[in-house]
Each structure stands twice: as structure tokens, then as C-alpha cells.
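This report refers to the structure that appears directly beneath it.
Numbering (our numbering), first residue to last: 4 to 252.
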């Protein structure tokens with residue numbers, strides 16, 4: 004019975020870790036929708052050739068996916084290394100200064116609501132098992148889960164692939180339609196895809212469907228509009244400030 008209960012508890016933890024990975028999917032996919040949409044829309048305004056727009060979009064999608072994966076890997080690896088160093092320092096404290104470690108543990112438990120005598124009883128029991136004391140201190144004092152989550156490379160690949168797959172949405176219409184119609188189709192499909200990401204977030208988090216869809220779509224639209232306006236307005240402002248002549252497309 005105990006073995007079965009332990010297995011079920013860890014299975015729930017693994018399921019939660021998998022659901023948390025929706026973060027990488029949302030991050031990569033939303034960026035994969037917004038950035039290529041801005042690029043292809045800008046290029047479509049400068050040329051009537053759908054082939055040129057699609058070519059630029061594909062190049063943007065591939066470059067963005069590689070950049071997203073590399074950045075995600077470096078960020079996740081740096082976080083993992085910081086956590087590993089902090090956990091190693093905590094292990095040294097438990098090994099070399101056990102009295103100080105137990106005092107800290109007692110104070111932490113008291114801050115969470117245990118009476119001093121109850122905190123002392125708990126820590127006395129933990130002292131009999133250094134590994135359990137260390138894991139408890141890491142999770143209570145540092146707020147770091149001892150069990151490693153998904154590997155940095157796995158998260159990075161998920162983010163990069165999400166970006167690449169999502170980038171197909173705003174680019175695909177230019178493979179089949181002329182530029183004016185393709186731009187409208189690209190915009191509509193991108194908005195629908197943002198709504199799809201909201202549905203995915205709702206399914207993963209258990210939040211209500213409509214707020215999740217509205218949130219993701221609104222953030223995507225704001226990011227897209229902001230990027231477009233910056234791309235259109237900021238160069239002109241800088242040109243005036245520095246006395247530069249903007250090329251006419």
C-alpha cells in the first residue's frame with residue numbers, strides 16, 4: 004500500500020512537470036506567430052511578389068527557431084547551474100555545520116506556523132537522515148525542487164520547434180495566394196492560431212477557456228502591433244534626430 008501510494012504521488016509530480024512545459028510551447032509558438040507575421044507583412048507592403056514574401060518569411064522562421072532554441076538552452080542551463088551551485092552549498096552546510104543547518108530549519112518551520120516545540124521535534128527526526136534534511140532545506144530555504152525538471156536541451160528544442168511550427172501559419176498563405184489576399188489570410192490565420200494557443204493554455208492550466216483565449220490573443224496582438232509601429236515609426240524618428248535619409252521602399 005505504501006509503495007503504491009508513493010508511486011502515485013511521484014506520478015502526479017511527473018504529470019505536473021509535463022503540464023508546466025506548456026510554458027516553452029506558448030513562448031516559442033507566440034513568438035513564432037508574431038515575429039514572422041510582422042516580417043512578411045512589412046515585406047508584402049514593399050513588393051507584390053508572394054514568392055519573395057514567402058522566401059523572406061521562411062528565412063525568418065528558420066533563423067528565429069534557431070535563435071529561440073539557442074537562447075532557451077542558455078537560459079535554462081544557466082538556471083540549472085545556479086540551482087546546482089546553491090544546492091551544493093546547502094549540502095556542505097548540512098555536512099560541515101549541522102547545528103547551524105538544524106537551527107535554520109527550525110526557524111523556517113516556525114515561520115510556516117509550527118510551534119517551537121513542534122518544529123524542534125520535526126527537525127530532530129530529520130537529523131537522523133542527512134539526505135532528507137538536505138532535501139527539506141533546499142525546498143524550504145531555497146525554494147528549489149530537488150528533483151531536476153526536464154533537461155535544458157529538451158526545453159530548448161521544444162521552444163525552437165514550437166517557434167518553427169507556428170511560423171508556418173503567417174507564411175503559408177503567401178505560398179498559395181497573391182500578396183493582397185495573402186496578407187489578409189495571414190492575419191486571420193495568425194489570430195486563429197493565437198486563439199488555439201489560448202485553448203492549449205486553458206487545457207494545461209485548468210483555467211477557464213474564454214479568459215485564456217482572450218489573454219493569449221490580446222498579448223499577441225499587442226506585441227504584433229507594437230512591433231509593427233516600432234518598425235514603422237521609430238526609424239523615422241531616429242532619422243530625424245540624427246539627420247539621416249530613410250530609403251524609400
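Ideal Cβ positions, reconstructed from N, Cα and C, are used throughout, including at glycine.
key: For residue 149, the three-state DSSP class (helix, strand or coil)   = coil
query = If we call anything under 7 Å between Cβ atoms a contact, is residue 64 one with residue 162?
reply = no
message = Excluding the 5 residues flanking residue 4 on each side, which residues of the same chain have their C-beta closer than 7 Å to its C-beta?
response = Its pLDDT being 45, under 50, residue 4 is placed unreliably by the model, and the measurement read from it follows with that caveat. No residues qualify anywhere along the chain.
request  = Indicate whether residue 84 and residue 111 have their beta-carbon atoms separated by less than 7 Å.
outcome  = no
Residue 44 versus 57, 33, 34, residue with shortest Cα-Cα distance = 57
message = For residue 101, count the other beta carbons within 10 Å of its own beta carbon; 16 or more makes it buried, fewer makes it exposed. Which is it?
response = exposed
query = Of all Cβ atoms in chain C, is any one closer than 7 Å to the Cβ of residue 219?
reply = Checking the listed chains, one finds no chain C in this structure; it contains a single protein chain.
ask   = Do residue 209 and residue 40 have their C-beta atoms within less than 7 Å of each other?
value = no
task = Note down, in chain order, each residue of its chain lying with its Cβ closer than 7 Å to the Cβ of residue 317, except the 5 sequence neighbours on either side.
result = This structure does not reach residue 317, given that the chain is present from 4 up to 252, and the question cannot be answered.
Selection from 214, 240, 186, 155 that minimises the alpha carbon distance to residue 81 = 155
task = May I ask you to verify whether the segment 88 to 107 touches the segment 122 to 134, counting CB pairs closer than 8 Å and requiring at least 3?
result = yes
query = By how many angstroms is the C-alpha of residue 182 removed from the C-alpha of residue 88?
reply = 53 Å
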